[in-house]
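Okay, so the sequence shown: first residue is 1 according to full-length UniProt numbering, each after it adds one. All C-beta atoms, glycine included, are put in the ideal place defined by N, C-alpha and C.
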Amino acid sequence: MSAISSENVLDFLSLSTNKNNTDKKDSKYEKLLSRVKALDNMLTVKKQRQAILNLIDEMLPSEHLLKERISQYDNVAQLFRTEKPACILLYGVEEDYGYSLLYLAMKFLECKSDFTIYAAYDLAKISRSDANVINSVIVCSGIKQIKTYYSHQASANFLTKLSVKHRFEWIIINHQDRFNDVDNVKMLESLSLVQPGIALLKINDFSIDTDFEDYLLNSPMVKQLYAAKFKNSKYSGRWNILYEGEDSSENPKLYRCVDFLD
């Protein structure tokens with residue numbers, strides 16, 4: 001099976017590592033990679049990729065939600081067939097060990113091959129060594145449309161440089177919690193990654209919290225009040241960005257940036 005070339009991986013030397021997470025779960029990640037490398041080389045590409053997904057799924061705390069997660073990803077794939085975005089940012093690969101990244105890439109390939117998913121890690125949530133292992137697992141899939149990147153707690157420089165070279169059509173946010181999800185949107189807004197026409201989706205959220213949608217769809221005045229509600233937020237966001245939510249009962253919902261207010 002062909003592997004992802006080295007040009008698909010960013011030079012990580014300039015990015016800082018979260019030392020507090022350095023030794024967490026190394027053995028579990030390494031065990032996953034070892035099992036992936038032990039897969040039968042005679043498997044077809046499709047079967048090998050599915051086998052990798054199965055191995056990752058065994059690690060997930062939300063394994064019991066597999067059907068719900070797959071339903072979400074299939075809905076995203078259906079939106080992909082309609083919108084056909086060519087440049088996608090997936091933020092928060094570490095939240096599910098790369099499962100959603102691989103699954104979505106496989107589904108997107110059923111529609112077309114001329115797309116790229118720029119997959120970003122948050123090193124506030126995972127160590128560099130663990131992210132290295134996940135990268136190696138992703139490489140084993142041979143999906144060349146995936147380009148993996150590290151992020152870190154102070155990720156402004158990283159995302160700003162990325163946005164200079166790439167105009168994203170979709171941003172997919174992997175759910176962390178109600179506070180970080182909103183904070184991540186505010187970060188993307190503050191760094192000007194959100195532009196008119198771009199679509200936002202949040203995956204793997206099965207809670208009843210509405211903060212994410214409330215922030216996106218409320219009036220500029222209400223959005224400014226979120227600075228007080230989320231007191232620990234590092235980003236102020238941009239209150240003058242207007243979004244529209246897709247009129248659909250499907251999960252996840254697509255939100256589109258439609259305009260900037262003066």
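**Contact under 8 angstroms by Cβ, Y121 with L89** = Within the sequence shown, residue 121 is the residue found at index 121, counting from 1. Within the sequence shown, residue 89 is the residue found at index 89, counting from 1. For Y121 and L89, no; Cβs fall outside 8 angstroms.
**Asked** With contact counted as at least three CB pairs below 8 angstroms, one residue from each stretch, are the segment 200-216 and the segment 237-249 in contact?
**Response** yes
**Prompt:** CB-CB under 7 angstroms to Q176, same chain, minus the five flanking residues each way: which ones, in chain order?
**Reply:** In the sequence shown, counting from the first residue as 1, residue 176 sits at position 176. If we look at Q176 and ignore the five residues flanking it on each side, its Cβ neighbours are G92 and E95.
**Asked** What residues in its chain sit with their C-beta under 7 angstroms from that of E63, if we drop five residues either side in the sequence?
**Response** Residue numbering aside, residue 63 sits at position 63 when the sequence shown is read from its first letter. D57, listed in sequence order.
**Request:** Determine, using beta-carbon pairs with one atom in the segment 157-173 and one in the segment 195-203, whether at least three such pairs fall under 8 angstroms.
**Result:** yes
**Message:** Distance check for N180 and Y235, CA to CA, integer angstroms please.
**Reply:** For the purposes of this step, residue 235 is taken as the residue at position 235 of the sequence shown. For the purposes of this step, residue 180 is taken as the residue at position 180 of the sequence shown. C-alpha separation (whole angstroms): 11 angstroms.
**Request:** Tell me whether the beta-carbon of R49 lies closer than 8 angstroms to the beta-carbon of S141.
**Result:** What you label residue 49 is simply residue 49 of the sequence shown in a count that begins at 1. What you label residue 141 is simply residue 141 of the sequence shown in a count that begins at 1. Yes.
**V137 beta carbon less than 8 angstroms from that of E32** = As a first step, residue 32 must be located in the sequence shown, where it is residue number 32. As a first step, residue 137 must be located in the sequence shown, where it is residue number 137. Per the sequence presented here, residue 32 reads as Leu, with Glu not at that position. The answer is yes: Cβ separation under 8 angstroms.
**Where I70 falls: helix, strand or coil (DSSP)** = One-based indexing of the sequence shown puts residue 70 at position 70. It is helical.
**Message:** Here's the rule I'm using: 16 or more other beta-carbon atoms within 10 Å means buried, otherwise exposed. How should H152 be labelled?
**Reply:** Indexing the sequence shown from 1 puts residue 152 at position 152. Note that H152 has pLDDT 49, beneath the 50 cutoff, so the model's placement of it is unreliable and the number below is only indicative. Within a 10 Å sphere around the beta-carbon of H152 sit 16 or more other beta-carbons, which makes this residue buried.
**Asked** Going straight from the alpha carbon of A38 to that of E30, what length do you get?
**Response** Here residue 38 refers to the residue found at position 38 when the sequence shown is read from its first residue. Here residue 30 refers to the residue found at position 30 when the sequence shown is read from its first residue. For A38 and E30, the distance between alpha carbons rounds to 12 angstroms.
**With 16 other Cβ atoms within 10 Å as the buried cut-off, status of A154** = Counting from one through the sequence shown, the residue named residue 154 turns up at place 154. Confidence at A154 is low in this model, with a pLDDT of 45, below 50, so its placement is unreliable and no value can be given for it.
**Message:** Taking only three categories from DSSP, how would you classify L109?
**Reply:** In the sequence shown, the residue the question calls residue 109 occupies position 109. Residue state, collapsed to three classes: helix.
**Message:** On the DSSP letters alone, give me the boundaries of the beta strand (DSSP E) that Y255 sits inside.
**Reply:** As a working mapping, residue 255 is identified with position 255 in the sequence shown. From DSSP, the beta strand (DSSP E) with Y255 extends over Y255 to F260.
**Request:** Under the assumption that I134 contacts Y97 (Cβ atoms under 8 angstroms), give the Cβ distance between them as a whole number of angstroms.
**Result:** Translated into positions along the sequence shown, residue 134 becomes position 134. Translated into positions along the sequence shown, residue 97 becomes position 97. Confirmed, about 6 angstroms.
**Item:** Nonlocal neighbours in the same chain, by C-beta distance under 7 angstroms from K186, ignoring five residues either side
**Value:** If you number the sequence shown from 1, residue 186 lands on position 186. Cβ within range, chain order: S233, Y235, S236 and G237.
**Asked** Nearest-angstrom Cα distance between D209 and V76?
**Response** In the sequence shown, the residue the question calls residue 209 occupies position 209. In the sequence shown, the residue the question calls residue 76 occupies position 76. Cα to Cα, D209 sits roughly 20 angstroms from V76.
**Option in S190, D40, I146 and P196 with minimal Cα separation from T160** = Sequence index remark: in the sequence shown, residue 160 carries index 160 (1-based). The option with the nearest alpha carbon to T160 is S190.
**Message:** I'd like the list of long-range same chain contacts for T22, defined as Cβ closer than 6 angstroms, with 5 residues on each side in sequence excluded.
**Reply:** Residue 22 sits at position 22 when you count from the first residue of the sequence shown. Interpretation of T22 is limited by its pLDDT of 44, a score under 50 that renders its predicted location unreliable; no figure is taken from the coordinates.
**Asked** Would you call D130 buried or exposed, if buried means 16 or more other Cβ atoms sit within 10 Å of its Cβ?
**Response** The residue you call residue 130 lines up with position 130 of the sequence shown. Residue burial is scored here from C-beta neighbours: D130 has at least 16 other C-beta atoms within 10 angstroms and is therefore classed as buried.
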